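A.B. asks: First, the structure itself, so that you have it in front of you.
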Amino acid sequence: MDHELVVTRRGPRTGLPITVAVHSTARGPAAGGCRLKEYPHWRDGVSDALRLSAAMTGKCAIAGLPLGGGKTVVALPPGHVFDRHELLLDVGDLIEFLGGQYATGPDVGTGPDDMAVIGERTAHVFCRPDASGDSSQHTAVGVIAALRAVCEQRFGSPALDGRRFAILGLGRVGGHVLRLLASENAHLLAADVDESRRALAERHRAAWVSPQQCLSAQVDVLVPAALGGLLTAASVPQLRCAAVAGPANNQLDVPATAQLLHERGILWAPDVVVSAGGLIHATAVELLHETPAQVDARLHAIGDTLGAILTTAAGTGVPPLTVVDQLLADEHGVESPL
Numbered sequence: 057m058d059h060e061l062v063v064t065r066r067g068p069r070t071g072l073p074i075t076v077a078v079h080s081t082a083r084g085p086a087a088g089g090c091r092l093k094e095y096p097h098w099r100d101g102v103s104d105a106l107r108l109s110a111a112m113t114g115k116c117a118i119a120g121l122p123l124g125g126g127k128t129v130v131a132l133p134p135g136h137v138f139d140r141h142e143l144l145l146d147v148g149d150l151i152e153f154l155g156g157q158y159a160t161g162p163d164v165g166t167g168p169d170d171m172a173v174i175g176e177r178t179a180h181v182f183c184r185p186d187a188s189g190d191s192s193q194h195t196a197v198g199v200i201a202a203l204r205a206v207c208e209q210r211f212g213s214p215a216l217d218g219r220r221f222a223i224l225g226l227g228r229v230g231g232h233v234l235r236l237l238a239s240e241n242a243h244l245l246a247a248d249v250d251e252s253r254r255a256l257a258e259r260h261r262a263a264w265v266s267p268q269q270c271l272s273a274q275v276d277v278l279v280p281a282a283l284g285g286l287l288t289a290a291s292v293p294q295l296r297c298a299a300v301a302g303p304a305n306n307q308l309d310v311p312a313t314a315q316l317l318h319e320r321g322i323l324w325a326p327d328v329v330v331s332a333g334g335l336i337h338a339t340a341v342e343l344l345h346e347t348p349a350q351v352d353a354r355l356h357a358i359g360d361t362l363g364a365i366l367t368t369a370a371g372t373g374v375p376p377l378t379v380v381d382q383l384l385a386d387e388h389g390v391e392s393p394l
């Protein structure tokens, strides 16, 4: 087993299976989100926890955080009705039982308010509303730093004004990215499956298009900011952008898709780097207890980290993902989180 510790326990209040997987503490205590999701079987939740915790080790390492990777997964039976407050207390008890080896934050199915409830049972939690709070704006700050690095590599200048960006997904993070790019006087297209977000796009002078039109728009940079799995063998031939960089996690359906992008001359910025701002801010504030200046420096260093990866990739003629894989292989043999 690659993991240091995997614990699955039935919550004493709810009887629901809760898994905490600690992949590595080689760099420091493990950190990772708490996922509440329906699974066909509780063992599927364990498998997800193993995969996601390994990815978190890689994400923390690439971000330069003195933290390892972990994950909490609560496997909800399909259609099961449960008491959310009681369940979160069960989660907090299990995390407290681990004695500081692991701290949790929001993930699929949870948010900052849920972290406050978990915090009733353990101090090993981050993204609480009265502490670092909503991570989306900090993720967006990291995305902008990454976009500057991409523009520097692809176009020879980090300037964003006048550049054409297509933002696919206007949720919390995508909305912040839209606002920040608009303030830089960038030319914007935007799309979302939720038609109500059209008003946000138009308020920031972004042309509203369909998700398919956004994907295939002739722009400088496509910014995926919704669900993962967008980049596939079927979708890559439709792209007419010069680069792809955004906060959506798991953008590639399979790692081999990175080579398809490379062969088409499309610069792809690995999402494990681009999306790290929220994690960096929350853990730096609540787990590492750093000053605002230190936290701000970490967020803006995302651009430096990505710039170094892109420069190495260009110099060696390989996709940026290959450089990330090598960095992680050098970092205690961590597997790629992509």
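Just so you know, we're using the working numbering here: the sequence shown kicks off at 57 and counts up by one. C-beta: ideal position from N, C-alpha, C; glycine also. This structure is a prediction, so every number in the text was calculated from the model and none was measured.
Can you find the residues in the same chain that come closer than 6 angstroms, C-beta to C-beta, to Tyr455, ignoring five residues on each side of it along the sequence?
C.D. replies: A query on residue 455 cannot be resolved here, the shown segment of the chain reaching from 57 to 394 and no further.
A.B. asks: Starting from Leu287, follow its DSSP beta bridges and name the residues at the other end.
C.D. replies: According to DSSP, which records beta bridges pairwise, Leu287 is partnered with Leu308.
A.B. asks: Helix, strand or coil: how does DSSP classify Thr75 here?
C.D. replies: The answer is strand: DSSP assigns Thr75 an E or B state.
A.B. asks: Looking only at DSSP bridge pairs, what is Ile223 linked to?
C.D. replies: BP columns for Ile223 point to Ala246, Val279.
A.B. asks: Just to confirm, is the Cβ distance from Ile322 to Ala301 under 8 angstroms?
C.D. replies: No, they are not a contact pair.
A.B. asks: Exposed or buried, Gly156, counting other C-beta atoms within 10 Å across all chains shown (16 or more means buried)?
C.D. replies: Exposed, since its Cβ has fewer than 16 Cβ neighbours within 10 Å.
A.B. asks: Straight-line CA distance for Val292 to Leu271?
C.D. replies: Going by the C-alpha atoms only, they are around 9 angstroms apart.
A.B. asks: Measure from the alpha carbon of Ala187 to the alpha carbon of each residue in Ala353, Ala196, Asp169, Ser103, then state which is nearest.
C.D. replies: Out of Ala353, Ala196, Asp169, Ser103, Asp169 has the C-alpha closest to the C-alpha of Ala187.
A.B. asks: Starting from Thr64, trace the beta strand (DSSP E) both ways and give me its first and last residue.
C.D. replies: Per DSSP, Thr64 belongs to the beta strand (DSSP E) from 61-66.
A.B. asks: For the region 308-372, list the alpha helix (DSSP H) runs that are entirely contained and at least 4 residues long, ordered along the chain.
C.D. replies: Fully enclosed alpha helix (DSSP H) runs of 4 or longer: 313-319, 327-330, 333-342, 348-372.
A.B. asks: Is Val199 closer than 8 angstroms to Pro326 when the C-beta atoms are compared?
C.D. replies: Contact flag unset, no.
A.B. asks: Determine, using beta-carbon pairs with one atom in the region 331-348 and one in the region 230-239, whether at least three such pairs fall under 8 angstroms.
C.D. replies: Output reads no: the region 230-239 does not touch the region 331-348.
A.B. asks: Mind listing, in chain order, the continuous beta strand (DSSP E) runs of no fewer than 3 residues lying wholly within the region 84-119?
C.D. replies: Correct list: 86-94.
A.B. asks: Please look up how many angstroms separate the CB atoms of Gly124 and Arg83, rounded, as I've assumed it's under 8 angstroms.
C.D. replies: The pair is a contact, with the Cβ atoms about 5 angstroms apart (cut-off 8 angstroms).
A.B. asks: Since Val181 sits in a beta bridge, which residues does DSSP pair it with?
C.D. replies: Answer is Thr160, bridged to Val181.
A.B. asks: For the beta strand (DSSP E) holding Leu431, just list the boundary residues, first then last.
C.D. replies: Since the displayed the chain opens at 57 and closes at 394, residue 431 lies outside it and no answer follows.
A.B. asks: Looking at C-alpha atoms only, which residue of Gly88, Lys115, Thr70 is the closest neighbour of Ala77?
C.D. replies: Checking every option, the nearest Cα to that of Ala77 belongs to Gly88.
A.B. asks: For Ala187, which of helix, strand or coil comes out of DSSP?
C.D. replies: Residue state, collapsed to three classes: coil.
A.B. asks: My understanding is that Leu344 touches Ala159, with C-beta atoms under 8 angstroms, so please give their C-beta distance in whole angstroms.
C.D. replies: Incorrect: roughly 11 angstroms between the Cβ atoms, too far for contact.
A.B. asks: Is Leu287 near Asp309, with beta carbons less than 8 angstroms apart?
C.D. replies: Against a cut-off of 8 angstroms, the Cβ pair of Asp309 and Leu287 comes out as a contact.
A.B. asks: Are Ala242 and Phe221 close, meaning C-beta to C-beta below 8 angstroms?
C.D. replies: It is a contact, given that the beta carbons lie within the stated cut-off.
A.B. asks: Would you check if the region 99-116 and the region 190-198 touch, i.e. whether three or more CB-CB distances between them fall below 8 angstroms?
C.D. replies: No: the two stretches stay apart, fewer than three of their Cβ pairs being nearer than 8 angstroms.
A.B. asks: Go ahead and pull the three-state DSSP assignment for Ala238.
C.D. replies: Ala238 falls in the helix class under three-state DSSP.
A.B. asks: Within the continuous alpha helix (DSSP H) that includes Gly175, where are the two ends?
C.D. replies: Neither: Gly175 is in no alpha helix (DSSP H) and is coded neither H nor E.
A.B. asks: Suppose you measure from the CA of Val390 to the CA of Gly225; what does that come to, to the nearest Å?
C.D. replies: Residue placement at Val390 is poorly supported in this model, since its pLDDT is 48, which falls under 50; the coordinates still yield a value, given next. If you take the alpha carbons of Val390 and Gly225, they lie about 31 angstroms apart.
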